[in-house]
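Here the protein sequences line up with chains A and B, keeping their order.
Residue numbering for the first sequence follows the numbering used here, starting at 6 and increasing by one per position.
Residue numbering for the second sequence follows the numbering used here, starting at 47 and increasing by one per position.
Just so it is clear, CB atoms sit at the ideal spot from N, CA and C, and this is done for glycine as well.
Nothing here was measured: the structure is a model prediction, and the numbers come from that model.
A short worksheet on the structure shown next.
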Amino acid sequence: MRTVCIVGVGMTQFGRFKESNVIELGRIAALNALRDAGIDKKDIQVAYAGHARTGQLYNRECGIGQSVLWELGISGIPISSVGNFCSSGSTALRDAWMAIGTGMYDVAIALGVEKLTGRAGKGRPLTSDGVELLTVMGFSPPVYFGNVATRHMEEYGTTKEQLAMVAVKNRKNAGPNPRCQYRDPITIEEVLNSPLIVEPLTLLNCCPTTDGAAAAILCSKEVAKRYTSKPVEIAASALSSGPYKKCKDITTFGADRCAGKDAYEISGIGPEDIDFAEVHDCFTIAEIVHYEDFGFCKKGEGGRFIEEGLSDINGKIPVSVSGGLMSRGHPIGATGLAQIAEAVWQLRGVAENQVKGAKVAFTHCAGGFQDTIELGDVQSSAVTILKRGW
Amino acid sequence: MPTHESGSTAQSIEEYIDPRLKPLIKMPESPSERPRLIGNKCKFCKEYFFPKRVLCPNCLKEEGLEDVLLSHRGRLYTYCIVKAAPLGFSAPYAVGYVDLPEGLRIFSPLTVDNEKELQIGMDLELFVDKIREDETGKTVYGYRFRPFSI
Ligand SMILES: [Zn+2]
Numbered sequence: 006m007r008t009v010c011i012v013g014v015g016m017t018q019f020g021r022f023k024e025s026n027v028i029e030l031g032r033i034a035a036l037n038a039l040r041d042a043g044i045d046k047k048d049i050q051v052a053y054a055g056h057a058r059t060g061q062l063y064n065r066e067c068g069i070g071q072s073v074l075w076e077l078g079i080s081g082i083p084i085s086s087v088g089n090f091c092s093s094g095s096t097a098l099r100d101a102w103m104a105i106g107t108g109m110y111d112v113a114i115a116l117g118v119e120k121l122t123g124r125a126g127k128g129r130p131l132t133s134d135g136v137e138l139l140t141v142m143g144f145s146p147p148v149y150f151g152n153v154a155t156r157h158m159e160e161y162g163t164t165k166e167q168l169a170m171v172a173v174k175n176r177k178n179a180g181p182n183p184r185c186q187y188r189d190p191i192t193i194e195e196v197l198n199s200p201l202i203v204e205p206l207t208l209l210n211c212c213p214t215t216d217g218a219a220a221a222i223l224c225s226k227e228v229a230k231r232y233t234s235k236p237v238e239i240a241a242s243a244l245s246s247g248p249y250k251k252c253k254d255i256t257t258f259g260a261d262r263c264a265g266k267d268a269y270e271i272s273g274i275g276p277e278d279i280d281f282a283e284v285h286d287c288f289t290i291a292e293i294v295h296y297e298d299f300g301f302c303k304k305g306e307g308g309r310f311i312e313e314g315l316s317d318i319n320g321k322i323p324v325s326v327s328g329g330l331m332s333r334g335h336p337i338g339a340t341g342l343a344q345i346a347e348a349v350w351q352l353r354g355v356a357e358n359q360v361k362g363a364k365v366a367f368t369h370c371a372g373g374f375q376d377t378i379e380l381g382d383v384q385s386s387a388v389t390i391l392k393r394g395w
Numbered sequence: 047m048p049t050h051e052s053g054s055t056a057q058s059i060e061e062y063i064d065p066r067l068k069p070l071i072k073m074p075e076s077p078s079e080r081p082r083l084i085g086n087k088c089k090f091c092k093e094y095f096f097p098k099r100v101l102c103p104n105c106l107k108e109e110g111l112e113d114v115l116l117s118h119r120g121r122l123y124t125y126c127i128v129k130a131a132p133l134g135f136s137a138p139y140a141v142g143y144v145d146l147p148e149g150l151r152i153f154s155p156l157t158v159d160n161e162k163e164l165q166i167g168m169d170l171e172l173f174v175d176k177i178r179e180d181e182t183g184k185t186v187y188g189y190r191f192r193p194f195s196i
């Protein structure tokens, strides 16, 4: 594999956009990425578009990438859809990374887009993709994470206050970031007293319903020199499905452990080298589990890690410095690439909530449930490690 | 939370079981029997599966799989209480994962008189009762677990 760099990123504002459709959102993000890279659209040789729910919500399972790029005059090249639950955007990035890394192409665009506000069942949790047997019995994503939280609290003494601290920290991080859906500061009391969704998780322990898109332009390191003096290197991009295990431990995600281990091995970078992380904080308890699964702290110490301020912007490993899914929102297929865009700005030193001197970034997206009744792992996890290429 | 409707026979309840759950549940044929979950077991690697698999993922053999009735008792591994209900469900309701002696950790709706009764590790027993309503408002049954004391 040759070294691959990111030379341009772009995203839309994240929020609820009744008037916009997925194609428009995708077009804005892709155009922003092209302009950021200062690249001619004719130089794009291959494209991957991540989206997870456009089939169910808009009767459009394929072709989102073609439609978006057609509006930008990019056609006659390989374009494919990448559907991989909440990791769809990060998987699109990984496909682009492999396409260039193997030497097949020199320049690629990875795109992620989703519009969730059009869905039916307003005020109710988004149901999961598939998992019909579970859904008829009352399952939903917050149910899974409610079960994680109950067990984590029982086994490790994690408290509701510690869960709330994740929401408070991520909202504080969102304050300066104009792309976030929610930016006003919140308190532990407000998180604890917000309406219960799935006990022990209140509304402010859950990420919101959001529309948005994000994109990145990737090149080989050689080609990157033509466009920028500050290329961001992809040190590793790892992907794993959930390992099948009888009587799985619900307080750890096997897919995340596999992807994290691979990313650390491929890059030769360990948790001690990371300057900040953007993790999949779809629910507050998830961020606490991620601290443990990625080796930011020991198993069972995630609650303490947040309480002691170790994941704060000035802590040992600042986590979700952009505001995370909790504040930016989680348009499923777009999230992975939004994390990449935020991480690239951090490494260039131009982020609004800047981590001083950040040189190495860790991003992580995960999601999806196995369509069975036995307790299963999350079905996709993608970890990307980025570093300054200058 | 729903309670068992006295007087309903196993046959009349069976009509109301969600069609997707029906193949997983064996209703009692006499008053002394209990409803059971139907799983299968691979005779080569001895692993149990629920719902049944058509192919053992360890051995990749179809011929080793035999139907088994799973234990109607289990232990609560973890749980949560849903306060914002999906369509067809009425909140609050409890759901969780139950450990069966066959080495299976399965999702199930839970029935308790009071949410505070729920404790990780508590003994539970299987029964069949209402789980939700369908689009037309018709009652849909499925399997559930409830506290069991000797
Ligand atoms: Zn076998």
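Original post:
Which residues mark the beginning and the end of the alpha helix (DSSP H) in which TYR63(A) is found?
Top reply: 59-63
Original post:
What is the rounded straight-line gap between the Cα of LEU122(B) and the Cα of LEU380(A)?
Top reply: 13 Å
**OP:** Please name the residue, chosen from PRO336(A), VAL294(A), LEU342(A), LYS304(A), that lies closest to VAL324(A) on a Cα-to-Cα basis.
**Re:** VAL294(A)
**OP:** Take PRO74(B) as the anchor and find which of LEU156(B), ASN86(B), ALA56(B), PRO138(B) has the nearest alpha-carbon.
**Re:** ALA56(B)
Original post:
Hey, is ILE202(A)'s beta-carbon within less than 7 Å of any beta-carbon in chain B?
Top reply: yes
Original post:
With burial defined as no fewer than 16 other Cβ atoms inside 10 Å of the residue's Cβ, what is the status of GLU24(A): buried or exposed?
Top reply: exposed
Original post:
Mind pulling the beta strand (DSSP E) runs of 3 or more residues that sit fully within the region 269-331 of chain A?
Top reply: 281-283
Original post:
Is it buried or exposed for VAL100(B), if we count other Cβ within 10 angstroms and need 16 for buried?
Top reply: exposed
Original post:
Between GLU181(B) and GLY134(B), what straight-line distance do the alpha-carbon atoms span, to the nearest angstrom?
Top reply: 7 Å
Original post:
Under three-state DSSP, which class holds THR377(A)?
Top reply: coil
Subject >> chain B contacts made by the region 241-262 of chain A, where a contact means CB separation under 8 Å >> reply: TYR249, LYS251, CYS252, LYS253, ILE255
Subject >> Classification of LYS176(B) by the beta-carbon crowding that lies within 10 angstroms, buried from 16 upward >> reply: buried
**OP:** Could you name each continuous alpha helix (DSSP H) segment of 4 residues or more that falls completely within the region 124-193 of chain A, going from the start of the chain to the end?
**Re:** 137-140, 146-161, 165-179
Original post:
Do we get a CB-CB distance below 7 Å when we pair ARG124(A) with the residues of chain B?
Top reply: no
**OP:** Look at the alpha carbon of LYS174(A) and the alpha carbon of ILE290(A), and state the distance between them as a whole number of angstroms.
**Re:** 13 Å
Subject >> Cβ-based neighbour list, LEU116(B), same chain, cut-off 8 Å, excluding 5 preceding and 5 following >> reply: ARG82, LEU83, ILE84, GLY85, TYR94, PHE96, LEU146, GLU148, LEU150
Original post:
Which residues of chain A have a Cβ atom closer than 9 Å to the Cβ of ASP145(B), listed in chain order?
Top reply: CYS252
Subject >> Contacts around GLY120(B), its chain only, beta-carbon distance under 6 Å, and the 5 residues preceding and following it disregarded >> reply: VAL144, ASP145, LEU146, LEU170
**OP:** Could you tell me whether any Cβ in chain A is nearer than 7 Å to the Cβ of ILE63(B)?
**Re:** no
Original post:
Less than 6 Å between the CB of ASN104(B) and some heavy atom of ligand 1, yes or no?
Top reply: yes
**OP:** Taking 8 Å as the threshold, find out whether the region 184-192 of chain A comes into contact with the region 318-334 of chain A through three or more Cβ pairs.
**Re:** yes
Subject >> Neighbourhood of VAL12(A) by C-beta, 6 Å cutoff - its chain only, sequence neighbours within 5 removed >> reply: ALA42, ILE222, CYS224, ALA229, TYR232, THR233, PRO236
Original post:
Taking the alpha carbon of CYS10(A) as the point to measure from, which residue in ARG21(A), ILE69(A), ARG99(A) has its own alpha carbon closest?
Top reply: ARG99(A)
Original post:
How many Å lie between THR122(A) and ARG21(A) at the Cα?
Top reply: 6 Å
Original post:
If you run the structure through DSSP and keep just helix, strand and coil, what is CYS91(B)?
Top reply: coil
Original post:
Which whole-angstrom value is the C-beta distance of GLU112(B) and PRO138(B), which I expect to be below 8 Å?
Top reply: That pair is no contact at about 40 Å.
Original post:
Relative to the C-alpha of ALA371(A), which residue among ASP298(A), SER80(A), ALA52(A), HIS157(A) is closest?
Top reply: ASP298(A)
Subject >> Rounded straight-line distance, which links the Cα of GLY142(B) to that of HIS50(B) >> reply: Low confidence applies here, because HIS50(B) scores a pLDDT of 48, under 50, leaving its location unreliable; read the following figure in that light. One C-alpha to the other measures close to 20 Å.
Original post:
Quick one: complete beta strand (DSSP E) runs, 3+ long, within the region 223-258 of chain A?
Top reply: 237-245
**OP:** Could you name the residues of the region 95-112 of chain B whose beta carbon sits closer than 9 Å to any beta carbon of chain A, in the order they occur along the chain?
**Re:** PHE95, PHE96, PRO97, PRO103
**OP:** Look at ALA339(A) and GLU195(A) and say whether their C-beta atoms are less than 7 Å apart.
**Re:** no
Subject >> Which residues DSSP lists as bridging GLU112(B), in chain order >> reply: LYS87(B)
Original post:
Between the beta-carbon of ALA264(A) and the beta-carbon of SER386(A), is there less than 7 Å?
Top reply: yes
Subject >> Outcome for ARG176(A) when other beta-carbon atoms lying within 10 angstroms are tallied against a minimum of 16 >> reply: buried
Original post:
Are the beta-carbon atoms belonging to PHE153(B) and ILE378(A) less than 7 Å from one another?
Top reply: yes
Subject >> Three-state secondary structure (DSSP) of ILE71(B) >> reply: strand
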